[in-house]
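Residue numbers (my numbering): 62 to 281.
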């Protein structure tokens with residue numbers, strides 16, 4: 062058994078977060094693809110509360126929930142490529158915006174694309190407000206983490222990659238260069254970083270999956 066295992070799902074932005082962090086840190090790991098319609102006994106054993114991916118197993122000890130896993134990776138392999146800032150205030154700020162993306166942005170963006178037409182207008186308005194908030198937070202920085210990819214960038218991978226595919230699948234356009242120039246530029250630079258690009262699922266495959274699974278729920 063490998064010292065580090067990752068139970069994930071190929072099309073999950075939350076599994077992808079963990080892979081990005083492991084690659085940034087140079088950690089070798091064994092990836093185990095899960096079928097969420099037929100969950101493995103090991104997944105149920107390692108994550109009996111939520112029964113979802115991703116789950117990181119390090120030295121036979123499981124850690125669940127992507128945000129928790131990212132912090133664990135940063136603290137355990139702290140010799141290179143810090144994910145969280147060293148300064149306590151900056152660390153707290155990064156955690157705040159990561160939580161904002163998870164609890165506010167992702168679901169608003171998902172609803173704006175996938176909800177029924179009568180609910181879509183309100184959802185799109187909420188999503189636009191959240192995108193504008195992130196536009197303002199980014200300011201003139203290359204990444205949310207500054208010059209280097211950090212926690213907020215990794216958590217925002219849904220916006221950087223998945224959102225464009227969902228927009229294409231649904232015909233809804235939310236993130237435009239005209240309205241959010243800084244965030245749009247960030248998304249392009251983010252997905253073209255080698256550590257990110259190498260760990261993203263195939264775009265055509267994900268697009269076909271989204272079109273076939275209209276309204277599929279987000280899997281952590």
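C-beta atoms are modelled at their ideal positions from N, C-alpha and C, and glycine is treated no differently. Nothing here was measured: the structure is a model prediction, and the numbers come from that model.
Contact under 7 Å by Cβ, residue i with residue j
i: residue 124; j: residue 131; result: no
i: residue 191; j: residue 166; result: yes
i: residue 159; j: residue 213; result: yes
i: residue 155; j: residue 170; result: no
i: residue 243; j: residue 196; result: yes
i: residue 74; j: residue 219; result: yes
i: residue 257; j: residue 78; result: no
i: residue 236; j: residue 72; result: no
i: residue 67; j: residue 92; result: yes
i: residue 82; j: residue 162; result: no
i: residue 59; j: residue 112; result: Residue 59 lies beyond the residue range present for the chain, which begins at 62 and ends at 281; the question has no answer from this structure.
i: residue 260; j: residue 84; result: yes
i: residue 88; j: residue 138; result: yes
i: residue 226; j: residue 271; result: yes
i: residue 176; j: residue 185; result: no
Residue burial classification, residue i (beta-carbon count within 10 angstroms, cutoff 16)
i: residue 141; result: exposed
i: residue 129; result: exposed
i: residue 115; result: buried
i: residue 108; result: buried
i: residue 222; result: buried
i: residue 80; result: buried
i: residue 157; result: exposed
i: residue 206; result: buried
i: residue 164; result: exposed
i: residue 230; result: buried
i: residue 241; result: buried
i: residue 135; result: buried
i: residue 119; result: buried
i: residue 150; result: exposed
i: residue 126; result: buried
i: residue 94; result: exposed
i: residue 248; result: buried
i: residue 308; result: Here the chain has residues from 62 to 281 only, and residue 308 is not among them.
i: residue 277; result: In this predicted model, residue 277 has a pLDDT of only 48, less than 50, meaning its place in the structure is not dependable enough to derive any value.
i: residue 264; result: exposed
Beta-bridge partners of residue i, as assigned by DSSP
i: residue 92; result: 67
Q: With a floor of 3 residues, list each beta strand (DSSP E) that falls wholly inside the region 105–185, ordered by position along the chain.
A: 116–119, 122–125
Q: Would you mind listing the alpha helix (DSSP H) stretches within the region 203–245 that are 4+ residues and don't spill past its ends, in chain order?
A: 212–216, 224–231
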